[in-house]
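>
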Amino acid sequence: MKKRFGVLRILAAILKILGVVVAALSILGGLISFVMSFAGTDLFTAMGFDNTSGALFGLFGAFMMIVVGLLYAIMLYGYGELLMLLITIEDNTFRTVELLEDVTKEEK
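Residue numbers (our numbering): 133 to 240.
1. Can G151 and M197 be called in contact, C-beta distance under 8 Å?
2. Which first and last residues belong to the alpha helix (DSSP H) in which K148 is found?
3. Do L203 and the ligand MN come close, with the Cβ less than 7 Å from some heavy atom?
4. Hey, out of L191, N224, M179, whose CA is closest to V167's CA?
5. Just to confirm before moving on: does the CB-CB distance between L147 and Y204 stay below 8 Å?
6. Please return the same chain residues whose Cβ sits closer than 7 Å to the Cβ of L140, not counting the five positions on each side in sequence.
7. Identify whether L193 lies in helix, strand or coil by the three-state DSSP scheme.
What follows is the structure, given as structure tokens:
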């Protein structure tokens, strides 16, 4: 039997891949921000923070970058899984209808 909904299957795969990529980039960005908060205090002093509050701002920013990025990655991956779930439900419903049609034809 031919696979149906090819575009939705491709879209689901793309969403899953994007979810993994976003998770990796958010962790990498958070780690870079964490290192920059201690190593590059000149960056935060240029923004108007002193050395202590700049480091705390960097730590908070790194933490939020990781948390928000991971939540977004989970949502992207979840949307891909949701599309696959809906395709599977439709496929099973379609096969059930075909089976019921065959059973009713045999009874006649």
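We put the beta carbon where it would ideally sit given N, CA and C, even for glycine.
Only a predicted model underlies this, so the values are computations on that prediction, with no experimental measurement involved.
Looking at the atomic coordinates:
1. Translated into the one-based positions of the sequence shown, residue 151 becomes position 19. Translated into the one-based positions of the sequence shown, residue 197 becomes position 65. Taking 8 Å as the Cβ cut-off, G151 and M197 do not qualify as a contacting pair.
2. Translated into positions along the sequence shown, residue 148 becomes position 16. Start and end: 138–171.
3. As for the ligand MN, it is missing from this structure, which has no ligand bound.
4. Locating residue 167 in the sequence shown gives position 35, where the first residue counts as 1. Considering only alpha carbons, the answer is L191.
5. Locating residue 147 in the sequence shown gives position 15, where the first residue counts as 1. Locating residue 204 in the sequence shown gives position 72, where the first residue counts as 1. Not a contact, by the Cβ cut-off of 8 Å.
6. As a working mapping, residue 140 is identified with position 8 in the sequence shown. L215, I219.
7. Your numbering for residue 193 matches position 61 in the sequence shown. Just to set this straight, residue 193 is Gly in the shown sequence, not Leu. Note: G193 maps to helix in three-state DSSP.
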